[in-house]
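One gets the working numbering by counting positions in the sequence shown from 1 and adding 5 to each. Glycine residues also receive a C-beta, built at the ideal position from the N, C-alpha and C atoms. Owing to the predicted nature of the structure, the values given are computational and were not obtained by experimental measurement.
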Amino acid sequence: MDKIKAQQRYTRLHWPILFIIGFLITSCQPAANTPDIADIPLTLRIARFDSALFAPGDMQLKVESMRAQYPDFFEIYTDKIINAGAGSDPTVHIALTRFTTDADMSAVWSEIQKTHGDLSAHNSKLENAFKRYSYYFPNKPIPQVLAMHSAFNYAVAVTSEVLAIGLDMYLGTDYSYYTALQFPLFRRRTMHPEHIATDAMRTWVATEFENDSLRSDLPGHLLAEGRLMYAMELLMPGLADTIITGFGTDQLKWCRENEKQMWAFLIEKKLLFSSHSGNYRKLLSEGPFTPGFDRRSPAKAVTWLGYNMVKSYMQKNTDVTLTQLMTLNNGREFLQKTGYKPI
């Protein structure tokens, strides 16, 4: 069975005990040579897995239908996403009945219906993005896209064949459950419908080109994060810089004003040449700002340097394709070839 991969923004929660433990406006310049996708024969439809589960009717019959329609994902959903037990368990319908009739989960489902009753706009964005994805990566598979109620566990979950979107994670910054559960503001500001298509696309691309060995040093991390932002610019042209980077408007302004200072910091601390993650891990951690920089900075501010490095590299190496960029596996070698020197 596929091992689930995900953009798991929050520590997994076990329903119905909802206990929390633990990306806007500037425009981006359109990428050159944007492909014509009109004749690319791809039709995408976001399947309403969530609606099938919460629809009125006998749960045992619904389970049989969903097992047949989503054989692999159904097992992952019940066992790994909402922690209701194995999908193959003959009594799983009992756990799913408890889940769908739980007062909190039912209230969230009602809000999902109000906020996400029509997914056509998100569907159109994703269809166009996957047409460009098919253009740039013709040998890569196109996933089945599903909508789900994740019980606040996953914003996006990915298997080798499925891209599942947790609509419960996109109910608006001020949604009452988010505030009641004390989700941090820096997280809540991205829990908005406008982030659905970009988060889904970003997560799919990130997992398709996942390379853990690349992240053995800071240059590797900067390459991995920077090329993902660059790919999003090509796959979804016209995105605001704030959506591409995940930074707020003021945070992005801070990055532009402090580019030289950030670069000088990395050089002074010799972080570009260290293989000890403890030396640079805090620069890549989640939070309201980047430790070591002032509080106006975004978390992971150094990834913006990675984005600029990739743009510099691609401008200097015009023969490099997007596929070649996404499969580079040596961060230090990449750094030497970028020509990036903001100081």
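Contact annotation: Gly-225 and Leu-219 have beta-carbon atoms nearer than 7 Å.
Selection Leu-327, Pro-198, Phe-298 evaluated against Leu-124 yields Pro-198 as nearest (Cα-Cα). Ser-165 counts as exposed, since fewer than 16 other beta carbons sit within 10 angstroms of its beta carbon.
Residue pairing by DSSP places Gly-231 opposite no residue, since no beta bridge is assigned to it.
Rounded to whole angstroms, the Cβ separation of Lys-145 and Glu-213 is 6 Å, and the two are in contact under 8 Å. In the DSSP assignment, Ala-205 falls within the alpha helix (DSSP H) that extends over 201-213. Uninterrupted alpha helix (DSSP H) stretches at least 4 residues long and entirely within the stretch 62-133 occur at 64-74, 76-81, 97-106, 108-120, given in chain order.
Just measuring C-alpha positions, the residue of Phe-135, Ser-70, Lys-321 sitting nearest Arg-50 is Phe-135.
Put simply, the stretch 240-256 does not touch the stretch 279-288. Fewer than three CB pairs are less than 8 Å apart. Counting only residues of its own chain and dropping the five nearest sequence neighbours on each side, Lys-342 has a CB closer than 8 Å to the CB of Tyr-318, Lys-321, Asn-322.
Between the alpha carbons of Pro-189 and Cys-260 lies a distance of about 22 Å.
Under the three-state reduction of DSSP output, Leu-333 falls in the coil class, being neither helix nor strand. Taking 3 residues as the minimum length, the beta strand (DSSP E) runs contained wholly in the stretch 159-203 are 161-163, 167-171, in order along the chain. Taken in chain order, the whole beta strand (DSSP E) runs of length 3 or more contained in the stretch 218-302 number zero. Taking C-alpha positions only, Ala-73 is separated from Arg-103 by approximately 22 Å. When DSSP states are grouped into helix, strand and coil, Ala-57 belongs to the helix group. Within the same chain, and ignoring the five residues on either side of Val-210 in sequence, the residues whose Cβ sits closer than 6 Å to its Cβ are Ala-236. Residue environment for Glu-69: exposed (fewer than 16 other C-beta atoms within 10 angstroms of its C-beta). Shown here for Tyr-345: same chain residues with a beta carbon closer than 6 Å to its own, the five before and five after excluded, namely Met-314, Ser-317 in chain order. By the neighbour-count definition (other C-beta atoms within 10 Å, threshold 16), Val-113 is a buried residue. Residue pairing by DSSP leaves Val-315 without any beta bridge partner. Secondary structure at Leu-49: coil, using DSSP grouped into helix, strand and coil.
The beta carbon of Leu-271 lies closer than 6 Å to those of Leu-277 in the same chain, with the five residues before and after it left out. Going by DSSP, Ala-152 is part of the beta strand (DSSP E) stretching over 149-153. Proximity to Val-163 across Glu-338, Tyr-285, Glu-215, Pro-347 peaks at Glu-215, based on C-alpha coordinates.
By the Cβ-count criterion, Ala-108 is exposed, with fewer than 16 other Cβ atoms from all chains shown falling within 10 Å of its own Cβ. Selection Leu-176, Asp-173, Ala-60 evaluated against Thr-106 yields Ala-60 as nearest (Cα-Cα).
Ser-111 and Leu-172 have their C-alpha atoms some 14 Å from each other. CA-to-CA, the gap between Asp-55 and Leu-66 works out to about 15 Å.
Burial check for Asp-204: the Cβ neighbour count within 10 Å reaches 16 or more, so the residue is buried.
Non-local beta-carbon contacts of Tyr-140 in its own chain, meaning distances under 6 Å to residues more than five positions away in sequence, involve Pro-40 in chain order.
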